[in-house]
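Peer 1: Each residue of the sequence shown is one higher than the one before, counting from 16 in our numbering. Even glycine gets a Cβ: it sits at the ideal position worked out from N, Cα and C. So that we are looking at the same thing, I have put the structure below in structure tokens.
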Amino acid sequence: MIARSLLDGFTEKLEFETVWQLKLYDGEVYHYSSLGNVNPILLGEEGLCLWASRIDCLNDASEGTLPVIRFAQACDELKAAGRIDESFYELIRDVRPNRTGLILYTASGKTRPVRDEFKTYVTSFSEDPDALAMWNYYSKGNRYEGMNIGVSSRDLLNSLSSRQNQDGTMMALMVKVIYDEREQLELIERALLDLYENYEQGYGGHVRYHIGTLLSNLKPVFKYACFSHEKEVRLFVNVYNKLESGVRVEYRTCAGYVVPYVSLNFDRAVVSRITLGPSLGSDDQKAVQKKVVEEMLKSCGYRAAVEQSNIPVRY
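Written out as structure tokens, the structure is:
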């Protein structure tokens with residue numbers, strides 16, 4: 016209890032942004048996928064089903080590594096500028112992301128805090144409802160065979176909480192990816208300066224704990240600028256090892272790799288629209304496909320508008 020009260024006392028001195036760096040996303044987002052995935056995504060008995068893949072098995076080999084890199088840069092910059100002293104620099108410079116997280120778990124009508132190791136799973140969306148760069152991921156030869164699913168981020172999280180997270184056994188958040196290096200550095204530097212200004216002898220372990228939590232939270236948020244065309248918003252869930260949650264880890268293969276994933280189920284009502292990718296077909300063919308998709312959605316209980324991409328590509 017003494018250690019916990021010391022941590023609480025130190026935390027109360029900090030800016031809220033230092034303790035909680037994630038800015039939750041609230042708006043319309045779009046999940047791009049292949050038309051070949053219509054059945055598992057839209058037509059299952061559970062309604063909308065999206066796969067969230069484990070963060071260390073995504074196509075970007077640098078996933079989850081940037082926070083530690085930017086942290087090292089931030090420490091060096093602040094020390095060189097004289098904004099933190101040598102002793103504080105030595106205290107924090109080797110901190111790594113925390114492997115455990117604290118979650119409020121409800122069982123038998125009682126809620127209690129539980130600390131446990133976890134794995135992070137991610138499913139991706141874009142802010143752009145009609146992005147050629149995103150359609151390119153789903154092109155085959157000279158055809159674009161993709162679709163995107165428009166949803167409200169708030170409705171999505173509410174639906175997930177009511178269906179698969181009633182007991183709080185996983186943390187689920189939607190955040191906008193940060194691509195700009197300077198923005199990434201400034202975010203970390205603000206937190207470090209706040210910790211430095213409130214640091215007193217005896218709080219060393221608490222400083223390192225807060226930094227470790229920060230670096231862990233930022234793993235799904237930081238990406239290199241070369242991916243900025245995706246304008247990505249991420250739904251990520253932390254699945255805790257020892258808690259029995261509403262999701263089950265499964266495995267699939269992709270490009271020769273085995274990828275762990277979890278299936279996230281949502282009410283059909285969260286889907287506001289479906290956009291079909293750029294097509295080489297005639298206007299009549301596009302109209303027929305639009306009508307067929309509308310019929311398909313209606314037959315499965317969706318009330319979503321169907322649109323065609325406005326991108327005028329020829330090949």
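Could you check what DSSP says for Asp-170 in three-state terms: helix, strand or coil?
Peer 2: helix
Peer 1: Between the beta-carbon of Tyr-40 and the beta-carbon of Val-190, is there less than 8 Å?
Peer 2: Inclusion of Tyr-40 and Val-190 in the CB contact set at 8 Å is warranted, their separation being smaller than that value.
Peer 1: Does Tyr-136 pass the burial test, meaning 16 or more other C-beta atoms within 10 Å, or should it be called exposed?
Peer 2: buried
Peer 1: Just curious, the alpha helix (DSSP H) that Ala-89 is in, first and last residue?
Peer 2: Run containing Ala-89: 81-95, per the alpha helix (DSSP H) assignment.
Peer 1: Of all the options Val-277, Leu-229, Glu-265, which has the alpha carbon lying nearest to the alpha carbon of Phe-251?
Peer 2: Val-277
Peer 1: Note down, in chain order, each residue of its chain lying with its Cβ closer than 6 Å to the Cβ of Leu-50, except the 5 sequence neighbours on either side.
Peer 2: Glu-160, Met-162
Peer 1: Assign Ser-20 to buried or exposed, taking buried as 16 or more other Cβ atoms, counted over all protein chains shown, within 10 Å of its Cβ.
Peer 2: Caution applies to Ser-20, whose pLDDT of 47 falls short of 50 and renders its modelled position unreliable; the value that the coordinates give is listed next. That one is exposed.
Peer 1: Taking the C-alpha atoms as reference points, what is the distance between Cys-11 and Arg-114?
Peer 2: Only positions 16 to 330 of the chain appear in this structure, which leaves residue 11 out of reach.
Peer 1: With distances taken Cα to Cα, identify the nearest neighbour of Ile-289 among Tyr-45, Gly-296, Leu-37.
Peer 2: Tyr-45
Peer 1: In angstroms, rounded to a whole number, what distance separates the CA positions of Leu-229 and Val-83?
Peer 2: Between the C-alpha atoms of Leu-229 and Val-83 there is a straight-line separation of about 10 Å.
Peer 1: In terms of residues, what are the limits of the beta strand (DSSP E) holding Tyr-255?
Peer 2: Looking at the DSSP string, the run of the beta strand (DSSP E) that includes Tyr-255 is 247-255.
Peer 1: What's the gap between the Cα of Arg-197 and the Cα of Ile-203?
Peer 2: 10 Å
Peer 1: If you drop the 5 nearest sequence neighbours on each side, which residues of the same chain put their C-beta closer than 6 Å to that of Val-274?
Peer 2: Ser-68, Cys-72, Arg-267
Peer 1: Using the C-alpha atoms, what's the distance from Ala-95 back to Ile-107?
Peer 2: 15 Å
Peer 1: Count the other CB atoms within 10 Å of the CB of Val-264; is the residue buried (16 or more) or exposed (fewer)?
Peer 2: exposed
Peer 1: Mapping the DSSP letters down to three states, classify Leu-37 as helix, strand or coil.
Peer 2: coil
Peer 1: When the Cα atoms are used, what is the spatial distance from Leu-93 to Val-222?
Peer 2: Roughly 16 Å between the two C-alpha positions.
Peer 1: Kindly give me the distance between the Cβ atoms of Phe-242 and Tyr-194, rounded to whole angstroms, as I take these residues to be in contact under 8 Å.
Peer 2: 6 Å
Peer 1: Can you give me the Cβ contacts of Phe-237 inside the same chain, cut-off strictly under 7 Å, excluding the 5 residues immediately before and after it?
Peer 2: Leu-81, Pro-82, Arg-85, Ile-193, Gln-199
Peer 1: When the Cα atoms are used, what is the spatial distance from Met-149 to Lys-301?
Peer 2: 20 Å
Peer 1: Mind checking Gln-216: buried by the 16 CB within 10 Å criterion, or exposed?
Peer 2: exposed
Peer 1: Please check the pair Val-303 and Leu-291, which I expect to be a contact at CB under 8 Å, by giving their CB distance rounded to whole angstroms.
Peer 2: The pair is not a contact, with the Cβ atoms about 11 Å apart (cut-off 8 Å).
Peer 1: Hey, Leu-65 and Thr-138 are a contact pair by Cβ (cut 8 Å); roughly how many whole angstroms apart?
Peer 2: 5 Å
Peer 1: Once you ignore the five residues that flank Asn-325 on each side, which residues in its own chain have a CB closer than 7 Å to its CB?
Peer 2: Close CB contacts of Asn-325 within its chain, under the 7 Å cut and outside five residues either way in sequence, are with Asp-145 (chain order).
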